[in-house]
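All remarks here apply to the structure that follows.
Number of protein chains: 2
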Amino acid sequence: MNENMWKPDRQAKTPIYRQIAGHMEGRIRSGEFPPGSVLPSERKLAAMLRVNRTTVIQAYEELRSLGLVERAVGSGTRVAGPAAGTVKTPNWRQYLESGTFLPNVPAMRRIRSELNVEAPVIDFASGELSADLFPNDIVRKLLQERPYSGYLGYDDPQGFRPLREALSRFLRRYLNVEASESSLIVTSGSQQSLFLITHCLLQPGDAVAVEDPSYCRSLSLFESAGLKVLRLRADRREGLDPDDIVALHRRHRLKMIFTNPNFQNPTGTVLSAERKRRLLDVAAEWGIPIVEDDPFSLTAFDGNVPPPLRSMDAGGQVLYIGSLSKIAASGLRIGWLAAPGSVVSRLADARRQMDFGLSTIPQWVAAEFLDSGEFDRHLRDLRLKLAYKLDSLRVALDAHLPGETEYRVPEGGLNLWVQWRRPIDDLRLFEQAVREGVVYVPGSVYGSDADCFRLCFARPRLDQIEEGVVRLSEALRKIAGPTPS
Amino acid sequence: MNENMWKPDRQAKTPIYRQIAGHMEGRIRSGEFPPGSVLPSERKLAAMLRVNRTTVIQAYEELRSLGLVERAVGSGTRVAGPAAGTVKTPNWRQYLESGTFLPNVPAMRRIRSELNVEAPVIDFASGELSADLFPNDIVRKLLQERPYSGYLGYDDPQGFRPLREALSRFLRRYLNVEASESSLIVTSGSQQSLFLITHCLLQPGDAVAVEDPSYCRSLSLFESAGLKVLRLRADRREGLDPDDIVALHRRHRLKMIFTNPNFQNPTGTVLSAERKRRLLDVAAEWGIPIVEDDPFSLTAFDGNVPPPLRSMDAGGQVLYIGSLSKIAASGLRIGWLAAPGSVVSRLADARRQMDFGLSTIPQWVAAEFLDSGEFDRHLRDLRLKLAYKLDSLRVALDAHLPGETEYRVPEGGLNLWVQWRRPIDDLRLFEQAVREGVVYVPGSVYGSDADCFRLCFARPRLDQIEEGVVRLSEALRKIAGPTPS
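Chains D and E, in that order, give the protein sequences. Mapping of the first sequence onto my numbering: residues 1 to 485, in sequence order. Mapping of the second sequence onto my numbering: residues 1001 to 1485, in sequence order.
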């Protein structure tokens, strides 16, 4: 046995334990380790491959779960016994290729795999707040001073009633949105609202319109559901043009329009009041429901919250989605959907087949938080800090990438949408940026804007922002040479 | 206007606010209230219909969400204006009939609507613990003494790592199941594990085998996913016969077997060690994965936990599902799936399109709870109390339904599966029982056993058990006459 012949590749995307499992599987199947033989001990293999023992344990567990080896305390890891020749282990690979859910976009998986590595990558990619912006102290205080002592059984799948009542007050007060508790369903973030709408109200083959560029996770979701996704060009100044919808509808019979009118992800634009009214009129005229995704309105840095479509919707056209993920903490997993009561009932019923509703504990935390004066203070503080981070990013871009980029400064949201001034190979630059230790979302992930990219200024710590831009400029220099003068 | 002409029906299944909305909608559409006219004030209509003002507000909100009326503070509720004739409100009814998710079984919806009413119905239907069996004090103490102060951002969609580590220790210690944290995914109860497996590993048209009778919620789930559900007859003494699988597989090419071998729901049977081994052999021989749903093993009243299939599975055939719902508290929404690492990764990736994982807070509570000595004490206490409740139910059945029923006394689980000795109209009896103020699950909901029914003895309070059986015997007497002597 010459273990020096093979070593795991630490640069590869496959986790090391899985590389080791694959390697050992090959050696078992090749007959090097016949049925019943004992594999090298965890300690020995770890030393030979220069990895942690836990990594070898994971690899051997993987082989065990595939039915290739048996493991018993004291007697080590053995190649599966006499029966191994005749046993048909389920062909998991084939099962993994089945299923109605499509895997997520490769670039997003790549970003995640980078973020899972221990090396300190600066993260402009994840669309969320940094840990210091979460209301950690408030949540800890709530848990401590008023620990949940309510019912711990199955809750109404429409959501914990005190939270729905708190949300109804919150929506009226902060967003001028009228929604009674009976017309609200609490969801695991905006994502689950989108998921429920997609699977309960639409069918494979249905045509839906989305902004281009738009929120990239929804694209996988729509494609998994077999929807025909049509793109509405959103210009960088004004967002989508409602009149484009008519032409699209005439050709494709739109079943739904998905839009994020305020501080749109990724462009940051706010649809003007005039375009909002026109959008509602067009939707009303043709009877097309609008799904309004509204995660960012309350981040408006100056406190002037742009009105959601839903607050202007007299005709009941709008299914309204919001969440605490971008304005408080994504780990609470609290989102909501305001919709006609019959729609809410249908979605709550379907959910009994999916997850049976959310835990009452974070719902209770959210209700207490929204009803406390703490939320108001938290929000004011958050706006100041977000504006300051955005400003730091602009200063860094101007200093370290002079003449290379163009952008419009948004008045809210978590993201800066940046355009390169010269032609750039989007994915090659991204790979180089990863090597320099910085990640962001390349424009091609969102649709057709490969000359753009999204920097989430909320996610890195304040002290990482400049260094992140320095790394990005280094990546650009290596791929495309110095800035042309 | 003669409001005396119509009143909401307080006995009807439709919520009162929705009855009022429907009534007012009819009057608007009939032209009684033309566009622009003002509807009766909330206070006035409430007085006329003798309902709470909040009920009228809900009704008017429903009309608003349907686009039929406009509401503004100070100017009341108006029928939608001049545009109302041309505006096409989305045809929500049509959307509600779309979607890939089938509504749940009518009898289950009926049970839930009864339980939502304020009247004190005795509940033998919900398959869960009564509130006094939850570890309320332990959870409150945990929240108070060690309030969560960890990261509040997006978590690994595979689940909070400290919980996966705690689960790995827990499964080894209590169930003799070896599963590393990397082979576990934390889910929102067993339901979400089933949902993920169904949608990520199977395709419409795939044949799966389930026990008959079996867990009724999974049937809707499977049908929504377009699976071909084949029933494996489970006899009341010994459960399913593994040799039946071969014949079924030859005809239908089974893609998966779903089973609940320990304290099966609803029958309470435990598959013998011999049948378990045979089941694993058959599955291995034909390469068919088994999904083992194991919510009840730890409830074994005498503490002799029957071994899960997964603990006997050398060949990696078994996807193993468990949860805290039946042994601690369903409202925590903590379940898990142990599976090969590649399967876990696929499911965790798909989940980013669904709910983006669970809140960290209940996951942290669960981890602390499992790692504390409190879990052990809780479990011993739970077993005693469950056994005592079951005993009370038996005594009550023998006293109040003498000669009418037959059952085998289970050694664990939450349910007693009871057979009527004489022919009974299953659903007619159920309707009568509802009128008497008691609910349970009629056998026909589970499959083909319309002469049986399930009583969950864990759910009613101890002091309700006898009264519940008295009400049931009253229902039987009214439907079928006195016990034949």
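Virtual Cβ for every residue (Gly too), placed ideally from N, Cα, C.
- Here Asn1265(E) is buried. Its C-beta has 16 or more other C-beta atoms within 10 Å.
- Under the 8 Å Cβ criterion, the region 1189-1199 of chain E does not count as touching the region 68-79 of chain D, having fewer than three qualifying pairs.
- Check the Cα spacing between Phe457(D) and each of Val438(D), Val445(D) and Ala475(D): the tightest is with Val438(D).
- Taken through DSSP and simplified to helix, strand or coil, Lys255(D) comes out as strand.
- Close to Glu1128(E), with beta-carbon spacing below 9 Å, are these residues of chain D in chain order: Gly153 and Tyr154.
- Proximity of chain D to Asn1136(E) at the Cβ level (cut-off 8 Å) is accounted for by Ser149 and Leu152, in chain order.
- Going by beta carbons, Pro295(D) and Gly331(D) fall outside the 8 Å limit.
- Judged by their CB atoms, Gly1316(E) and Arg64(D) are nearer to each other than the 8 Å cut-off.
- In the three-state scheme derived from DSSP, where H, G and I count as helix and E and B as strand, Lys326(D) is classed as coil.
- Think of a sphere of 8 Å around the beta carbon of Leu1066(E): the chain D residues whose beta carbon falls inside it are Gly316 and Pro340, in chain order.
- The beta-bridge partner set that DSSP reports for Glu211(D) consists of Leu232(D).
- Beta-bridge pairing by DSSP links Leu1337(E) to Ile1185(E) and Ile1321(E).
- The C-beta distance from Ala234(D) to Thr267(D) rounds to 6 Å, short enough to meet the 8 Å contact threshold.
- Proximity of the region 1413-1420 of chain E to the region 1446-1456 of chain E meets the contact definition, three or more beta-carbon pairs being nearer than 8 Å.
- Residue pairing for Val441(D): DSSP places it in a beta bridge opposite Arg454(D).
- A distance below 7 Å between beta-carbons, with the five flanking residues on each side excluded, links Leu45(D) to the following residues of its chain, in chain order: Val56.
- In the three-state scheme derived from DSSP, where H, G and I count as helix and E and B as strand, Ile1020(E) is classed as helix.
- In this structure the region 1456-1470 of chain E touches the region 1121-1132 of chain E; the number of beta carbon pairs closer than 8 Å is three or more.
- Every candidate beta strand (DSSP E) stretch fails here, since none sits fully inside the region 1117-1157 of chain E while reaching 3 residues.
- Where Ala1072(E) is concerned, the enclosing beta strand (DSSP E) starts and stops at Val1069 to Ala1072.
- By the Cβ neighbour-count rule, Leu1384(E) is exposed, with fewer than 16 other Cβ atoms within 10 Å of its own.
- Cβ contact annotation for Glu1368(E) (same chain, cutoff 7 Å, sequence separation greater than five): Leu1142 and Arg1146, in chain order.
- Residue-level contact check: Arg1277(E) does not touch chain D, since none of the beta carbons of chain D fall below 8 Å from its beta carbon.
- Taking 8 Å as the threshold, the shortest C-beta distance from Phe195(D) to chain E falls below it.
- Scanning chain E for C-beta atoms nearer than 7 Å to the C-beta of Trp92(D) yields Pro1340, Ser1342 and Val1343, reported in chain order.
- Using a Cβ-Cβ cut-off of 7 Å, Thr1360(E) is close to Gly331 of chain D, given in chain order.
- About 17 Å separates the CB atoms of Met256(D) and Pro308(D); that is not less than 8 Å, and the two are not in contact.
- Taking CB atoms only, Val1139(E) has a neighbour in chain D less than 8 Å away.
- Scanning the region 372-405 of chain D for uninterrupted alpha helix (DSSP H) segments of 4 residues or longer gives 374-400, listed from N- to C-terminal end.
- Residue Thr187(D) holds the alpha-carbon nearest to the alpha-carbon of Ala339(D) among Ala59(D), Thr187(D) and Arg18(D).
- Scanning its chain for C-beta atoms nearer than 8 Å, with the 5 sequence neighbours on each side dropped, one finds around His252(D) the residues Ala207, Lys228 and Leu230, in chain order.
- The C-beta of Pro423(D) has fewer than 16 other C-beta atoms within 10 Å across all chains shown, which makes the residue exposed.
- For Gln1019(E) and Pro1008(E), the gap between their C-alpha atoms comes out near 6 Å.
- Bounds of the beta strand (DSSP E) holding Arg78(D) are Gly76 to Val79.
- Residue pairing by DSSP puts Tyr1407(E) in a beta bridge opposite Val1418(E).
- The beta-carbon of Glu1374(E) is placed no less than 8 Å from the nearest beta-carbon of chain D.
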